[in-house]
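Read the structure below first, then the notes.
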Amino acid sequence: MEFVRMSKKGQLVIPASIRKMLKLRLGDKFIAYGKEDYIVFKKIELPSLRKEFEEIAALTTKIAVEKGITEEDVGEEIKKYRKEKRKAAK
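Counting from 546, one number per residue, gives the positions in the sequence shown under the working numbering.
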């Protein structure tokens, strides 16, 4: 485990040891997901982007069905989030 620090521009540098271990190269693309106090980056290949999206969508749908979350519930949460964001911006 290594520590990284965010730059003024919001950039994070992946430590060289991790870049080497994962064989990361200049121009590699990632999906970034953040929740609460963590961030996850997943390296993607452009031809597999659609497949990655479909897998994430299927997993999300499965979880929503298992928890009884409806499209209406999601819409309400989006409205609440936007309202809170507008309040915070004032």
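Note that CB positions come from ideal geometry on N, CA and C, so glycine has one too.
Assuming residue i and residue j are in contact, meaning their beta carbons sit under 8 Å apart, how far apart are those beta carbons, in whole angstroms?
i	j	result
I601	I589	That pair is no contact at about 11 Å.
M551	L557	6 Å
Can you name, in chain order, every residue of its own chain whose Cβ lies under 8 Å from the Cβ of residue i, other than the five neighbours on each side?
i	result
P560	E547 and V549
Measuring only from the beta carbon, is residue i closer than 7 Å to any heavy atom that is part of the ligand PLP?
i	result
K625	Here there are no bound small molecules, and the ligand PLP is not part of this structure.
Quick one: residues in its chain with C-beta nearer than 7 Å to the C-beta of residue i, no 5 flanking neighbours on either side, listed in chain order?
i	result
K574	I589 and L591
For a test of the three-state rule: what should DSSP assign to residue i, helix, strand or coil?
i	result
I623	helix
I584	strand
I589	strand
I614	coil
K646	Nothing can be reported for residue 646, as the shown portion of the chain is limited to 546 through 635.
Give me the Cα-Cα distance between residue i and residue j, rounded to the nearest whole angstrom.
i	j	result
F598	S562	29 Å
E621	A609	14 Å
K612	K596	24 Å
L569	K587	11 Å
R631	K554	23 Å
I629	Y583	The identity of residue 629 in the sequence shown is Glu, whereas the question assumes Ile. So the alpha carbons of these two residues sit roughly 21 Å apart.
K607	I614	10 Å
In its own chain, which residues sit with a C-beta less than 6 Å from the C-beta of residue i, not counting the 5 before and 5 after it?
i	result
V585	Y578
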